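Peer 1: Next up is a structure, given as structure tokens.
Chains as they are written, first to last, in the working numbering: chain A, 1 to 617; chain B, 1001 to 1617.
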């Protein structure tokens, strides 16, 4: 979801002059950087960075997800972390490339605890090569490498061993003991893509973990949504860890197909997973260093005592259902979009859909297709991009067949994406959306002529920044926007005042007759789950989740530099927030899993720059 | 399972002399070959082949799986097929390599019907470059390319369409109509790895097909085997089409884990699959051009009318259970290895296992591990290789992490493997087994000292040739051979004469006390299934399946050059045999699926060299 430096104009050739090539320049920089780190000399390290500079670290130096900005902050990070991190062995892992005055290099390095990779971008400043952006990311812990590839398990244990147990017997024994004679070190609450991806990684790392979910089967989180739902992100962006979708997988997978995939992923990855299980409360004991978690499994009460508690209850948190007067007198169906059953029952009926984002459009489109009379109520402006244009101009350089053909694997794409500092990410985004505005001008003209309130984000940076900042305010158009533009789906504006027996009444008195009202009104911050399951004090101490502090709509400052509380240590001991789309569930589950593994193994994990809380929800 | 020409010594460099390099030599050969084909000039084409030469075609010229040997046969193939095939566009797909006097080239080409790939090996003979081996293989039909990668389905159908059906609705509708209002074009009997891999390919190609299997769930074919079973082939050799095992998959997967994978695969590949379904009879009607197949599904009788009938009932065919006098008086348990429940019930009991191949060793080992008193009865000599040695010396060049690191993908490995002519395959195999004999000399010495009858195959060519020739006669040692060598598992020799109430009596009078007798006595030819479900006349007309006609033990001549009746047209109209290990199920399902697709689409498929039948079973 970003424009990157165009690799097609890049070159790895050394020019004919005696000037050092990109490889030499990067090698020299890395050597100087490593020396500064070895000396714990923050000032020397900072001098290697440009005046405008960003160092993003994913748990390799900071045991945190942290971006520092500017030389002083670089110096501070080095001074605080270099000694304990003991980084070494910085080297390029493939030939660096130069384009538009920026040398880009894939790098590898080690720390005392593990091995890392990253991406370095050098710019010339004052005649010297200086780091503009640096990404450092831990990918494995020494002595705890994942059993994959050449280190995969044997499966059949060779030799003859009295009373050996089979794989199936071991799995059964494990399942029977889990929660009774053995405790999970990590309890993951919520078994959607986030919980499942994390569960798979923890399994792979040998961390005793358990994922619990209220639904009868893994994948029901998707199956239970409105029936027309397909993924809005394309397949290349959506892979889970370890097992990629096959190349016959649809670009936009239907919800039930994703549901099936998740169910079998749980099985083949051997993720310990309890369906039909609800958490009713969780309480931390400083004394025992454990959570006491009360659950209901298949209706039976049960207590677990995990050391770490992960909320993977949906990045969007809890359905936001406004309190609207008259809901009790309304005679038709009324429900939140998350509970919308689909259009079948509403042919010939009058439907009013409150909201104008993804779910609202999907639901309006499906209702119209099934011959309902549909009105969308727009309460505030929405950003719309055409799915094709988003794929071509937004994602295509990183996540597409084109990207794969150019050698940009999912793993590389994730790191490139992670290497773009949040502070300036919008500047990479704006040109893509300007291009979309131009490409799809006819569509936008029609849409605005229909009276639809359309925006491109506060600073014109479009969809992905809205997602990162507020997690709402957009629709990826797969066809329904035309229905609004054409008037097939009627459009009303304003806030809901109340419901009558058979209508929605807006604040300006407009009355919209209705047999069914769908509140596609979004979700509250996910720390609402913490308030429910732990308590309000803990939720407040944790603070708001998601958002960057960009001081744009619904993302109040101050600037945080990273997504609040996601995938990293929080102000609440041994409580973690995990979630996001499939891309984030895939990529950031790695760092969350490694943080949990390190704690499980008793590896020292001094956290640098734990974020302060500025907003409670 | 073969030694190939060592690519590590290969070179693509053009020498300093004016001699043409490998690329020029291959290009020149391909141009001359294409010209001869264009002219339909068999003699000219044959002149481009060496005196000793082999051309293997996988349905691209012959609509058959066919190896022709020698120039005359090459000329015959060209004369008969060039005009209808209309081949063109022969070109290398990557730089050819030269090693040990052989130039090896990956090639691509087209025919009137489709696109092919292959592998060419040139040798110099009489100062000219001549083909020693040529593999030509169709991989797709023009106009019927698979929807994959850049052609993958969209999933979400963009736009707004009245009464659109969701993926789930379409799948349900399809499932409900299949077998009632719609008929499968192809009925695949048997839903193990063979039936499933073929079902996935047919699905992908848009051929209406149905896989039926008697077990309650896909994967039960594995789950129901003896509990200690793990795959004897390593993971790199075992991938199914389209979806590879993830890189954390065990080298030798336990049977229940493979069972889960197959079940998962059926679902995500959307293979139409009926569990709990048995075929009771099948009858071909020349008049209607259809099979009439009677089935029982969930106990209910049902008739299907497919055009094509595929037996994927297990390459090993039906369990071979000898008629032994006294079975009725024996008081203990007696069963075939395929029905062996595992060792748990037999601790402290006396077990006699008849046979000395894979299943016999696995079962003996598991019984010994569970404290049974075990005797193996060896009736004829067995070939044993240590699993590690087989992986290192037999498979490693093609199917291993090492091969992958060297760029030998599964797809390439399959083609390299397919390019080695069966006539000379043993010559590639013998050195690998000589190396194993040397490497594991201490083990073989001990084994033979124990009295075990050990062999290396009739010509010393080892395990894989035994597999191809007779499908039996070997054990891949994962530990149990030592139990025999050490005497932990007792060894007896000879044929079974009869059972008493509590013992097995051998022909020489030896009495082996027994609480349980396991007949690990192998399987009959798979055309026994045809006799059962169609009739004996049809089974006889079909003839023996499997084997090469090598005139070695259990593989009578005459020389066939290919595996009898497998994956190709047979003497019985619209009846096909599919099966083999996971490698064969993966690779040859492609050619069988394309043959079925071509017939479904009404593409002309003149079969060249349909094999005669020399043996009935």
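Backbone N, C-alpha and C define an ideal beta-carbon position, used for all residues, glycine too.
It should be emphasised that the depicted structure is a prediction, and the values quoted were computed from it without experimental measurement.
Residues in the segment 237-251 of chain A with C-beta within 8 Å of chain B's C-beta atoms, listed in sequence order?
Peer 2: 242, 243, 246, 247, 248, 249, 250, 251
Peer 1: Between A:325, A:149, A:589, which has its C-alpha nearest residue 1246 of chain B's C-alpha?
Peer 2: A:149
Peer 1: Counting only Cβ pairs nearer than 7 Å, list the residues of chain A close to residue 1115 of chain B.
Peer 2: The premise fails here: residue 1115 of chain B is roughly 17 Å from chain A at the closest Cβ pair, so nothing lies under 7 Å.
Peer 1: Output needed for residue 487 of chain A: all residues of its chain with C-beta closer than 7 Å, excluding positions within five of it in sequence on either side, in chain order.
Peer 2: Answer for residue 487 of chain A: 450, listed in chain order.
Peer 1: Rounded to whole angstroms, what's the CA-CA distance from residue 1085 of chain B to residue 218 of chain A? Just pull it up for me.
Peer 2: When the Cα atoms are used, residue 1085 of chain B and residue 218 of chain A turn out to be separated by approximately 50 Å.
Peer 1: Return helix, strand or coil for residue 108 of chain A, following the three-state DSSP convention.
Peer 2: strand
Peer 1: Give the interface partners of residue 1257 of chain B over in chain A, defined as CB-CB distance under 7 Å, in chain order.
Peer 2: 167
Peer 1: Could you say if the segment 1518-1527 of chain B and the segment 1545-1555 of chain B meet the contact criterion of at least three C-beta pairs nearer than 8 Å?
Peer 2: yes
Peer 1: Could you name the residues that DSSP lists as bridge partners for residue 1053 of chain B?
Peer 2: Its beta-bridge partners do not exist; DSSP assigns none.
Peer 1: Is there contact here, the segment 170-189 of chain A with the segment 1282-1292 of chain B, by at least three beta-carbon pairs under 8 Å?
Peer 2: Counting Cβ pairs under 8 Å, fewer than three are found: no touch.
Peer 1: May I ask you to report which of helix, strand or coil DSSP gives residue 318 of chain A?
Peer 2: coil
Peer 1: Can you tell me whether residue 1009 of chain B is helix, strand or coil according to DSSP?
Peer 2: At residue 1009 of chain B the pLDDT is 43, less than 50, meaning the model places this residue with poor confidence; the figure from the coordinates comes in the next sentence. It is helical.
Peer 1: Given this structure, state the Cα-to-Cα distance separating residue 227 of chain A from residue 1107 of chain B, to the nearest angstrom.
Peer 2: One C-alpha to the other measures close to 47 Å.
Peer 1: Quick check: the Cα distance between residue 40 of chain A and residue 426 of chain A, rounded to an integer number of angstroms?
Peer 2: Taking the straight line from one Cα to the other gives about 33 Å.
Peer 1: May I have the straight-line CA-CA distance separating residue 1312 of chain B from residue 372 of chain A, to the nearest angstrom?
Peer 2: 49 Å
Peer 1: Measure from the C-beta of residue 565 of chain A to each C-beta in chain B and report whether the shortest distance is under 8 Å.
Peer 2: no
Peer 1: Tell me which residues share the same chain as residue 8 of chain A and place their Cβ nearer than 6 Å to its Cβ, disregarding the 5 neighbours each side in the sequence.
Peer 2: Residue placement at residue 8 of chain A is flagged as unreliable, the pLDDT there being 42, under the threshold of 50; the coordinate-derived value follows with that caveat. None.
Peer 1: Can you find a C-beta in chain A that's less than 8 Å from the C-beta of residue 1483 of chain B?
Peer 2: For residue 1483 of chain B, a Cβ of chain A is located within less than 8 Å of the residue's own Cβ.
Peer 1: Tell me whether residue 1200 of chain B counts as near the ligand ZN, meaning its Cβ is closer than 7 Å to at least one heavy atom of that ligand.
Peer 2: By its list of ligands, the structure shown contains no ligand whatsoever, and the ligand ZN lies outside what it can speak to.
Peer 1: For residue 350 of chain A, list the residues DSSP reports as bridge partners.
Peer 2: A:373
Peer 1: Pick out the complete beta strand (DSSP E) segments inside the segment 1068-1103 of chain B, 3 residues or longer, and give them in chain order.
Peer 2: 1088-1092, 1097-1099
Peer 1: DSSP three-state call for residue 1268 of chain B: helix, strand or coil?
Peer 2: helix
Peer 1: Smallest Cα separation from residue 579 of chain A: which of A:567, A:359, A:590, A:571?
Peer 2: With distances taken between Cα atoms, residue 579 of chain A lies closest to A:567.
Peer 1: Using the C-alpha atoms, what's the distance from residue 1509 of chain B back to residue 1491 of chain B?
Peer 2: 15 Å
Peer 1: Could you give the residue range of the alpha helix (DSSP H) that holds residue 467 of chain A?
Peer 2: Boundaries of the alpha helix (DSSP H) around residue 467 of chain A: 462-469.
Peer 1: On the premise that residue 376 of chain A lies in contact with residue 484 of chain A, defined as a C-beta separation below 8 Å, what is that separation, rounded to the nearest angstrom?
Peer 2: 6 Å
Peer 1: With DSSP run on the structure shown, which of helix, strand or coil describes residue 165 of chain A?
Peer 2: coil
Peer 1: Which partner residues of residue 1576 of chain B appear in the DSSP bridge assignment?
Peer 2: B:1310
Peer 1: For residue 357 of chain A, collect the residues of the same chain with a Cβ closer than 8 Å to its Cβ; drop the 5 residues on either side in sequence, then sort them by chain order.
Peer 2: 382, 472, 473, 474, 475, 520, 522
Peer 1: At a CB distance below 9 Å, what residues from the segment 1351-1371 of chain B approach chain A? Give them in sequence order.
Peer 2: 1365, 1366, 1368, 1369, 1370, 1371
Peer 1: Output needed for residue 49 of chain A: all residues of its chain with C-beta closer than 6 Å, excluding positions within five of it in sequence on either side, in chain order.
Peer 2: 71, 74, 130, 131
Peer 1: Should residue 389 of chain A be flagged as near chain D, meaning a C-beta pair shorter than 8 Å?
Peer 2: Note that chain D does not occur in the displayed structure, where the protein chains are A and B.
Peer 1: At a Cβ threshold of 8 Å, is residue 1397 of chain B touching chain A?
Peer 2: no
Peer 1: Buried or exposed: residue 18 of chain A, going by 16 or more other Cβ atoms within 10 Å of its Cβ?
Peer 2: exposed
Peer 1: Helix, strand or coil for residue 1015 of chain B per DSSP?
Peer 2: Unreliable placement is indicated for residue 1015 of chain B, whose pLDDT of 48 sits below 50; the coordinate value is still reported in the next sentence. Of the three classes helix, strand and coil, the one that applies to residue 1015 of chain B here is coil, per DSSP.
Peer 1: Report, in whole angstroms, the separation of the C-beta atoms of residue 1369 of chain B and residue 162 of chain A, which I expect to be a contact under 8 Å.
Peer 2: About 5 Å; that satisfies the 8 Å criterion.
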